[in-house]
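**Student:**
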Amino acid sequence: MSAIKVTNLTKTFGGLRAVDNLSVTFPRGIATGLIGPNGSGKTTLMNLLTGILAPDCGQISIGGKQFDKVESVKLRNMRIARTFQDGRLINQMSVTDNLLLAIAKTNICSGLFESGSKDYTVRLENVMQKIHLTEKHDANAEDLSYGQRKLLELGRAIIQDADIYLLDEPFTGLFPKMVEQVAGLLTELKNKGKTLIIIEHNIGLIRRLTDNIVVLDHGQMLACGRPEMVLKDKQVQEAYLGV
16 MSAIKVTNLT KTFGGLRAVD NLSVTFPRGI ATGLIGPNGS GKTTLMNLLT GILAPDCGQI
76 SIGGKQFDKV ESVKLRNMRI ARTFQDGRLI NQMSVTDNLL LAIAKTNICS GLFESGSKDY
136 TVRLENVMQK IHLTEKHDAN AEDLSYGQRK LLELGRAIIQ DADIYLLDEP FTGLFPKMVE
196 QVAGLLTELK NKGKTLIIIE HNIGLIRRLT DNIVVLDHGQ MLACGRPEMV LKDKQVQEAY
256 LGV
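In structure tokens form, the structure reads like this:
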């Protein structure tokens with residue numbers, strides 16, 4: 016069964032077709048690596064799936080429901096969480112408040128007011144430990160290191176307890192120790208039966224973490240399937256791996 020399916024999806028910017036009549040299925044309950052050369056349409060596709068962009072044409076199916084355009088404000092109700100390569104933290108707010116805002120049921124003020132509830136406290140403490148930021152709970156996001164900011168960004172997704180996680184280059188710029196921390200968190204999500212779609216350039220991590228790979232090139236699907244098969248494909252090697 017599919018978690019997300021797109022059919023004839025197209026998005027253009029001027030004369031550039033960033034996503035070009037793309038049809039692809041992301042299976043439920045497994046981790047899929049979304050790979051391809053720079054400019055191949057990976058982040059554009061993720062932006063279409065999360066409502067940041069509207070497609071020119073085509074359909075998106077999530078959990079069997081059809082959408083001409085996904086509404087980003089409804090992602091949490093759809094049990095979808097997203098991380099961004101460049102982060103979407105509120106710099107002048109603490110680690111604690113950045114996490115709580117990710118699960119606030121209404122607006123910022125009432126969301127922080129809700130933070131005293133037992134459910135919120137337990138979830139917060141659990142995620143804080145997972146992302147190794149317990150001692151930084153009162154620090155503003157702007158005072159964290161780059162790696163800690165990446166962990167906080169992932170923590171904001173994890174605390175939502177979503178069914179589908181879309182992760183845009185979660186390992187970029189991390190030291191090996193933090194790479195292992197993030198890999199462990201994603202493995203834990205996968206072992207819980209969550210659906211993961213991961214944009215990543217490190218093929219070693221893709222081999223290790225994913226059960227399925229979708230390769231994009233010029234906005235079109237070049238290959239799809241199990242990592243050991245896709246990465247041996249001659250077209251994939253020429254287009255992406257440069258061999």
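Under the working numbering, think of the first position of the sequence shown as 16, with each following residue one higher. C-beta: ideal position from N, C-alpha, C; glycine also. All values reported here derive from a predicted model rather than from experimental measurement.
1) Just curious, the beta strand (DSSP E) that Gln196 is in, first and last residue?
2) Leaving out five residues before and five after Leu68 in sequence, what residues of the same chain have Cβ atoms less than 8 Å from its Cβ?
3) Under a three-way DSSP split, which group does Met61 fall into?
4) In whole angstroms, what separates the C-alpha of Ile77 from that of Leu166?
5) Skipping 5 residues on each side, what residues in its chain have a beta carbon closer than 6 Å to that of Ser55?
6) For Ile105, count the other beta carbons within 10 Å of its own beta carbon; 16 or more makes it buried, fewer makes it exposed. Which is it?
7) Alpha carbon to alpha carbon, what distance is there between Gly234 and Cys72?
8) May I ask you to report which of helix, strand or coil DSSP gives Pro242?
9) Pick from Phe190, Asp158 and Gly170: whose alpha carbon is nearest that of Ala117?
10) Which residues in the same chain have their Cβ closer than 7 Å to the Cβ of Thr187, if we skip the five residues on either side of it in sequence?
11) If you follow the alpha helix (DSSP H) that Ile218 is part of, which residue opens it and which one closes it?
12) Grouping DSSP H, G and I as helix and E and B as strand, with all else coil, what is Gln163?
13) I want to know whether the segment 88 to 96 touches the segment 172 to 186 - three or more CB-CB distances under 8 Å.
14) Beta carbon of Gly66, beta carbon of Val39: below 7 Å?
15) Go through its chain and collect everything with a Cβ distance to Ile221's Cβ below 7 Å, but skip five positions before and after it.
16) For Tyr180, which residues does DSSP report across the bridge?
17) For Gly170, which three-state DSSP category applies?
**Tutor:** Let me spell this out:
1) Careful: Gln196 lies outside any beta strand (DSSP E), inside the alpha helix (DSSP H) at Pro191 to Asn206.
2) Lys26, Thr59 and Asn62
3) helix
4) 27 Å
5) Leu231 and Asp232
6) exposed
7) 14 Å
8) helix
9) Gly170
10) Gln100
11) Ile218 to Leu224
12) helix
13) yes
14) no
15) Gly48, Ile50, Glu215, Ile228 and Pro242
16) Ala96 and Leu211
17) helix
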